[in-house]
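Those sequence lines, one after another, are chains A and B. With full-length UniProt numbering applied, the first sequence covers 1 to 512. With full-length UniProt numbering applied, the second sequence covers 1 to 512. The C-beta atom is built at its ideal place from N, Cα and C for all residues, glycine as well. Note sheet for the following structure.
Protein chains: 2
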Amino acid sequence: MMSLRTGRRARQAPDTSTPPRSHAYRQMRHPFEPQRVFSDDAIANMHQMALRALSELGMKILLPEARKLFGGAGALVDDSSQMVRIGPELVAAALATAPSSIRLRAPNPEREQWFEPGAMLFSAGAGCPNTIDAVRGRQAGCLQTFEETLKLVQSFDAIHILGPSAEPQDVPPHLRHYAMMQAQLSISDKPTFIYARGKKQISQSLEMIALGHGLSDDELRNGSWSYSIINTNSPRQIDVPMAEGIIEMARAGQMTIITPFCLAGAMAPITVAGALVLQHAEALAAITLSQLTAPGAPVTYGGFASNVDMKSGSPAFGTPSHMKLTIGSGQLARHIGLPWRSAAGSASNTSDAQGAGENHMGLWAALQANATLTVHSAGWLEGGLSFGYEKFINDMEAVQQLAEMAMPTPEDQASLGWDALADVDPGGHFFATQHTMDRYRDAFYAPVVADLSNHGAWVEAGSQTSTERAVDVWQGILRDFAPPPSAAGMADRLKAFVDEGTKAGGAPPTEG
Amino acid sequence: MMSLRTGRRARQAPDTSTPPRSHAYRQMRHPFEPQRVFSDDAIANMHQMALRALSELGMKILLPEARKLFGGAGALVDDSSQMVRIGPELVAAALATAPSSIRLRAPNPEREQWFEPGAMLFSAGAGCPNTIDAVRGRQAGCLQTFEETLKLVQSFDAIHILGPSAEPQDVPPHLRHYAMMQAQLSISDKPTFIYARGKKQISQSLEMIALGHGLSDDELRNGSWSYSIINTNSPRQIDVPMAEGIIEMARAGQMTIITPFCLAGAMAPITVAGALVLQHAEALAAITLSQLTAPGAPVTYGGFASNVDMKSGSPAFGTPSHMKLTIGSGQLARHIGLPWRSAAGSASNTSDAQGAGENHMGLWAALQANATLTVHSAGWLEGGLSFGYEKFINDMEAVQQLAEMAMPTPEDQASLGWDALADVDPGGHFFATQHTMDRYRDAFYAPVVADLSNHGAWVEAGSQTSTERAVDVWQGILRDFAPPPSAAGMADRLKAFVDEGTKAGGAPPTEG
Chain A
1 MMSLRTGRRA RQAPDTSTPP RSHAYRQMRH PFEPQRVFSD DAIANMHQMA
51 LRALSELGMK ILLPEARKLF GGAGALVDDS SQMVRIGPEL VAAALATAPS
101 SIRLRAPNPE REQWFEPGAM LFSAGAGCPN TIDAVRGRQA GCLQTFEETL
151 KLVQSFDAIH ILGPSAEPQD VPPHLRHYAM MQAQLSISDK PTFIYARGKK
201 QISQSLEMIA LGHGLSDDEL RNGSWSYSII NTNSPRQIDV PMAEGIIEMA
251 RAGQMTIITP FCLAGAMAPI TVAGALVLQH AEALAAITLS QLTAPGAPVT
301 YGGFASNVDM KSGSPAFGTP SHMKLTIGSG QLARHIGLPW RSAAGSASNT
351 SDAQGAGENH MGLWAALQAN ATLTVHSAGW LEGGLSFGYE KFINDMEAVQ
401 QLAEMAMPTP EDQASLGWDA LADVDPGGHF FATQHTMDRY RDAFYAPVVA
451 DLSNHGAWVE AGSQTSTERA VDVWQGILRD FAPPPSAAGM ADRLKAFVDE
501 GTKAGGAPPT EG
Chain B
1 MMSLRTGRRA RQAPDTSTPP RSHAYRQMRH PFEPQRVFSD DAIANMHQMA
51 LRALSELGMK ILLPEARKLF GGAGALVDDS SQMVRIGPEL VAAALATAPS
101 SIRLRAPNPE REQWFEPGAM LFSAGAGCPN TIDAVRGRQA GCLQTFEETL
151 KLVQSFDAIH ILGPSAEPQD VPPHLRHYAM MQAQLSISDK PTFIYARGKK
201 QISQSLEMIA LGHGLSDDEL RNGSWSYSII NTNSPRQIDV PMAEGIIEMA
251 RAGQMTIITP FCLAGAMAPI TVAGALVLQH AEALAAITLS QLTAPGAPVT
301 YGGFASNVDM KSGSPAFGTP SHMKLTIGSG QLARHIGLPW RSAAGSASNT
351 SDAQGAGENH MGLWAALQAN ATLTVHSAGW LEGGLSFGYE KFINDMEAVQ
401 QLAEMAMPTP EDQASLGWDA LADVDPGGHF FATQHTMDRY RDAFYAPVVA
451 DLSNHGAWVE AGSQTSTERA VDVWQGILRD FAPPPSAAGM ADRLKAFVDE
501 GTKAGGAPPT EG
């Protein structure tokens, strides 16, 4: 017990060269074993019932080209009703060619991801027509707020891919994809998002990625440089732009994330099991279309299932049903062996305790479910009708804490800390032990917006809620924002293409 | 496919006899497999190092009677330094007699609990010297607020046992145990809490339980009708009242919950592993004292370990370190095979997004860790310096949602819902299918304070945060509160005892 005698005197100066804890949560792996809400038998039954639904009831597929692909492979197609009945052998063949691991490329190689089971990615609130912040209130999404939200997203490593955070409604629909791609490429070096709003928008967006990063056609197809979200029209329908999205992205070797939005009790059966059967059937149909288009095309399973609120009729998020649906989705994804996306998010109208709670429930359920990607992880208010700036900052605290928790926990002898134990007398403290001095700079997660000061200090500082404090945080991020090296000269590289495309009438989104 | 033809017409009227979803979350079991942050080898190493700490470094035990118990069993006792060195064989013998399952009795048999691995109990924020509510602000705890918080606790089935929610500081310390026990017995029918503030307070509290419920001495010892929390004075010290609590409760056959409060970087080593070694050593020492007093006495493992905030020096809660410490504690509890207590809670000064987030992290970590009991699950602000009324309501939403999630998920054929799937055309909805009509009343969790209305309706209703809405909720609960049947005539049954005890000078708390 040398340390008892000499410990306090022989102490060295702390190692000031250690940097404070980094928030570089880039390539993350799930820390937990996946959990179950259903027995394995029930999952197998749900898979079988989904296959039966596809083969006996069928899917309504609005795009003739997609029906032709199904028909050519042996599905029973009725063009008058647009119904396609898909046999289990077609689904099995698709699951056999769909890759279980997808290389998701990024302008910054440090942000590249393996999109595969076990990986843990997060993306921010997406698809929001409005924004809410404490300075400007609630307003329609515009290019400025789209760019601002991209800057916020770019500034947190724990958000791994971009998304349509706030819809730039001040840009006309036929030119919007130019603006959205230009903004992504000029502000961020993370994997990019492309809306499935017609073939031409997709192909032009891909051209912009190639131009922006100087990629040859082969390089653009070496892994996936972008992704698109494919929402089915539950129940049992795939509309024209979504089918075009599946086909065009598959042909270009780019990732689609299949996402039925199955609201139990509304567009899906009211039971957790029933809503999942429908989700599974729809996802399998879309995955099959992708693989019929191009075997081996990067496509992922997904779901965003929750329940309707029986009082208001609105979608609810972060509910017990949402959590069970998420964990069940993870079981179904593992059953077919594909990576998959989940979603968190909040129905709250503001960044309050309710909103925080709803998002935590979704995030934690996604951890239980080992979701490859959790969409709407930060900033999603009103069930997606608004992107909240203060909400984003508060949710990022949660996402970063989960990312930090996913980091390995040292368990070597030095970490067990015998010397520290022996160094401190009963009733004493560890503040000044060598064990503490060696580690204190890097030991703990440093909060973004949480305030741990005592009541007196907190009152003196204005009794601010974390939502009020978040205003300074996002304003500081926007004020200090510097684009990544990959964005240098981006506007010049894209200008001619965008100018010509604009002159030629842009690309109006596909209807129906 | 009869349903396709006849489904819409043949529909029956909904079954209005089904009651809406009940919130009777009484005897809960953990829904998830326990998770790990450490390898099994590391856990075994930590257990060994804790044993080594007890045997080589020892514990400072301030109560002579406790040292005598240790000494009598073969521990090395030095009365001048009050140090007790405890050999591994003593610990092993204690772990062999400590019960792994404890029957926790309640005046209402429906609230009885088996306190054992796999069970999932929650208790409210405890030990708070102050209360915070929107009407009265922050004030010192008093008998009125203690009684109010008991009424709130009694009103939620998902809070399974009572605790010292708000400290009644307006009652003199030597009489406070009378008031606290009278309040518990008169307001609630859940298992009761006894402070470890000296032998006389404990024995008198037990007498009041026996008087209040008409229990013979044998009946009082048939299972545990109460429990006490035993906090060690980390590092490596057990003070007089705590040692008296262990001994007195063990002799009376009542449950003690051993709870070292190991704040990593302050009263414990700064590493997760090191803090857990210290916690484990202290808990094993206290468990050993309990079993030396009365082999087979109900005693549970526990820990409440988090990290100090390096900026303010304050305890932090709901942090990544807190979560890892919780999950690691669960591993250690399983290693020794005992039920155990964890804790959630919040360091926030108010019921905001930060406070909600911190508590969610603690609650979810406790689920990952399969904690038998999670203390401070609702209402704990400022790291326990205040019990927040609005915080309690918002946290109860989370606790109830987790309880609801822990309920089994139907996976029978009817739940899979083939008929519903076949009943609804592509692009249609399930609102009016028989499958929905049969289930809608009971399908989903009904929120306590969450508001799922849309933005317009929310603004019209005053743009209230969930914390603002919670005021109405707790006021309504207090207004409508009715004591349980077991409380009828309670004051009469206790009066003589309390009057005599008061006249005789009460029972001043033990010092030191």
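Count the other C-beta atoms from every protein chain shown that fall within 10 angstroms of the C-beta of residue i, then say buried if there are 16 or more, exposed otherwise.
{"i": "aspartate 309 of chain A", "result": "buried"}
{"i": "proline 315 of chain B", "result": "buried"}
{"i": "serine 81 of chain A", "result": "exposed"}
{"i": "proline 99 of chain B", "result": "buried"}
{"i": "aspartate 412 of chain B", "result": "exposed"}
{"i": "arginine 236 of chain B", "result": "buried"}
{"i": "asparagine 231 of chain A", "result": "buried"}
{"i": "asparagine 370 of chain B", "result": "buried"}
{"i": "asparagine 394 of chain B", "result": "buried"}
{"i": "aspartate 492 of chain A", "result": "exposed"}
{"i": "threonine 510 of chain B", "result": "buried"}
{"i": "threonine 436 of chain A", "result": "buried"}
{"i": "threonine 326 of chain A", "result": "buried"}
{"i": "threonine 502 of chain B", "result": "exposed"}
{"i": "aspartate 423 of chain A", "result": "buried"}
{"i": "glutamine 400 of chain A", "result": "buried"}
{"i": "glycine 355 of chain A", "result": "buried"}
Please report the Cβ distance between residue i and residue j, rounded to the nearest whole angstrom; I am assuming they are in contact, meaning their Cβ atoms lie under 8 Å.
{"i": "valine 359 of chain A", "j": "alanine 305 of chain A", "result": "It should be noted that the sequence gives asparagine, not valine, for residue 359 of chain A. So it is not a contact: roughly 16 Å between Cβ atoms."}
{"i": "alanine 342 of chain B", "j": "leucine 381 of chain B", "result": "Before going on, a small fix: residue 342 of chain B reads as serine here, not alanine. The pair is not a contact, with the Cβ atoms about 19 Å apart (cut-off 8 Å)."}
{"i": "valine 277 of chain B", "j": "glycine 417 of chain A", "result": "7 Å"}
{"i": "lysine 200 of chain B", "j": "alanine 106 of chain B", "result": "About 25 Å separates the two Cβ atoms, so there is no contact after all."}
{"i": "proline 109 of chain A", "j": "arginine 334 of chain A", "result": "Not quite, the Cβ-Cβ distance comes to about 29 Å (not below 8 Å), so this is no contact."}
Looking at the secondary structure, which residues open and close the alpha helix (DSSP H) in which residue i lies?
{"i": "methionine 405 of chain B", "result": "389 to 405"}
{"i": "isoleucine 287 of chain B", "result": "272 to 293"}
{"i": "valine 240 of chain B", "result": "240 to 251"}
{"i": "valine 498 of chain A", "result": "490 to 503"}
Tell me which same chain residues have a C-beta within less than 8 Å of the C-beta of residue i, skipping the five on either side of it?
{"i": "serine 17 of chain B", "result": "Because serine 17 of chain B carries a pLDDT of 47, less than 50, the predicted location of this residue cannot be relied on, and the following value inherits that uncertainty. None."}
{"i": "leucine 220 of chain A", "result": "Leu206, Ile209, Ala210, Ala252, Gly253"}
Residues in its own chain within less than 6 Å of residue i by CB, not counting five upstream and five downstream?
{"i": "alanine 266 of chain B", "result": "Val308"}
{"i": "valine 299 of chain B", "result": "Ala98, Thr256, Ile287, Ser290"}
{"i": "glycine 58 of chain B", "result": "Met83, Val84, Arg85"}
{"i": "proline 508 of chain B", "result": "His174"}
{"i": "alanine 13 of chain B", "result": "For alanine 13 of chain B, the pLDDT reaches just 43, beneath the cut-off of 50, and the residue's location in the model is therefore unreliable, although a value from the coordinates is still provided. Cβ neighbours of alanine 13 of chain B beyond the five flanking positions: none."}
{"i": "glutamine 279 of chain B", "result": "Pro260, Cys262, Gly303, Ala305"}
Going along the chain, which residues of its own chain have a beta-carbon closer than 7 Å to the beta-carbon of residue i, five neighbours each way excluded?
{"i": "glycine 245 of chain B", "result": "Ala196, Ile202, Ser228, Ile230, Thr256"}
{"i": "alanine 450 of chain B", "result": "Glu397, Ser466"}
{"i": "threonine 259 of chain A", "result": "Ile229, Ile230, Asn231, Gly302, Gly303, Phe304, Arg341"}
{"i": "serine 386 of chain B", "result": "Cys128, Asn130, Thr131, Ile132, Arg138"}
{"i": "residue 513 of chain A", "result": "In the structure as shown, chain A begins at 1 and stops at 512. Residue 513 of chain A is therefore absent and cannot be evaluated."}
{"i": "glycine 505 of chain A", "result": "His174"}
{"i": "leucine 63 of chain A", "result": "Val240, Ala243, Glu244"}
Just to confirm the assignment, what range does the beta strand (DSSP E) spanning residue i have?
{"i": "valine 299 of chain B", "result": "299 to 302"}
{"i": "leucine 338 of chain B", "result": "First-last for leucine 338 of chain B: undefined, no H or E at that position."}
{"i": "methionine 255 of chain B", "result": "255 to 258"}
{"i": "leucine 363 of chain B", "result": "Here leucine 363 of chain B belongs to no beta strand (DSSP E); instead the alpha helix (DSSP H) covers 353 to 368."}
{"i": "leucine 374 of chain A", "result": "Residue 374 of chain A is actually threonine in this sequence, not leucine. Note, threonine 374 of chain A: beta strand (DSSP E), 373 to 375."}
Within 6 Å: the Cβ of residue i and any heavy atom of the ligand MG?
{"i": "arginine 334 of chain A", "result": "This structure simply doesn't include the ligand MG, nor any ligand for that matter."}
* To do: Kindly provide the ranges of any alpha helix (DSSP H) runs that are 4 or more residues long and lie completely inside the region 413 to 471 of chain B, ordered along the chain.
  => For the region 413 to 471 of chain B, whole alpha helix (DSSP H) runs of length 4 or above, ordered along the chain, are 413 to 416, 418 to 423, 434 to 437, 455 to 460.
* Only counting runs of 4 or more residues, tell me where the alpha helix (DSSP H) segments fall wholly within the region 149 to 233 of chain B, in order along the chain. => Here the runs fully enclosed are 176 to 187, 199 to 213, 217 to 220.
* Output the residue ranges of the beta strand (DSSP E) runs that lie fully inside the region 113 to 147 of chain B and measure 3 residues or longer, sorted by chain position. => Every beta strand (DSSP E) of 3 residues or more that sits fully in the region 113 to 147 of chain B is shown, in chain order, as 113 to 115, 130 to 133, 137 to 140.
* 3-residue-minimum beta strand (DSSP E) runs that sit fully inside the region 48 to 108 of chain B, ordered along the chain -> For the region 48 to 108 of chain B, whole beta strand (DSSP E) runs of length 3 or above, ordered along the chain, are 59 to 61, 76 to 78, 83 to 85, 102 to 104.
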